[in-house]
Each structure stands twice: as C-alpha cells, then as structure tokens.
Amino acid sequence: SPDLLEVVLISADHTRPVADRTAEWGWLGWLPHVRPGHGQDCRLLLAYDREQAAARTEELLRRVDDHAASGRTTAHPAPAHGTAPVP
C-alpha cells in the first residue's frame, strides 16, 4: 500500500541522456507509491537531473530527521490501547 511504502527514484547519471533514463524508469509514474504525500515539492518522487536529485535527497533526509526527532523506533505506529496488531 502507498501508505506503508513510498518509492523515490534518483537516476541522475550524467553519462546517460535524460531521455534514456526517463524511458527506462518512466513506468514508475503509474505507481501510486511515487506520488508525494508528505509535502514534497514535486508531481512524482522521481529525479532525473542534479537539481531534482538534490531536492529528493533533501526531502528524504528531512523525513529521516523528523522520524528520529519524534522518538519513534519503528516505521509503524503502535496499536491503540486494547487492540491487537493485525498479522
């Protein structure tokens, strides 16, 4: 589910033309997992040039920092009191 898994592609290999990299990875655009859901400033979580790669990297680092600052130790929230996790 896109709520549990987010995909970020950084394909900024300057030795290959952007058109080639876009053709190779463009199919990811169909996945809901590459749509921004945490305030990212983009249409899709894909990076094909240096500027986009820097933006996606900064967003990922901010998410890691926010996660660490929240004190959570896992990616999944703890179940509410009196409920059991669903396997």
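Just so we're on the same page, our numbering is the position in the sequence shown counted from 1, plus 6. Just so you know, even glycine gets a beta-carbon here, dropped at the ideal spot from N, CA and C.
Nonlocal neighbours in the same chain, by C-beta distance under 7 Å from residue i, ignoring five residues either side
i	result
Leu34	Val13, Leu15, Val40, Leu52
Leu11	His39
Local conformation of residue i per DSSP, three classes
i	result
Ala25	helix
Leu66	helix
Gln52	The amino acid at residue 52 is misidentified as Gln; the sequence shows Leu. Three-state DSSP puts Leu52 in a strand.
Leu15	strand
Leu34	helix
Residue i versus residue j - alpha carbon distance
i	j	result
Gln46	His73	16 Å
Leu66	Glu30	23 Å
Arg56	His20	8 Å
Own chain residues within Cβ distance below 6 Å of residue i, not counting five before or after
i	result
Pro38	Pro8
CB-CB length for residue i against residue j, believed under 8 Å
i	j	result
Ala25	Ala59	That belief does not hold up - the Cβ atoms of Ala25 and Ala59 are roughly 17 Å apart, past 8 Å.
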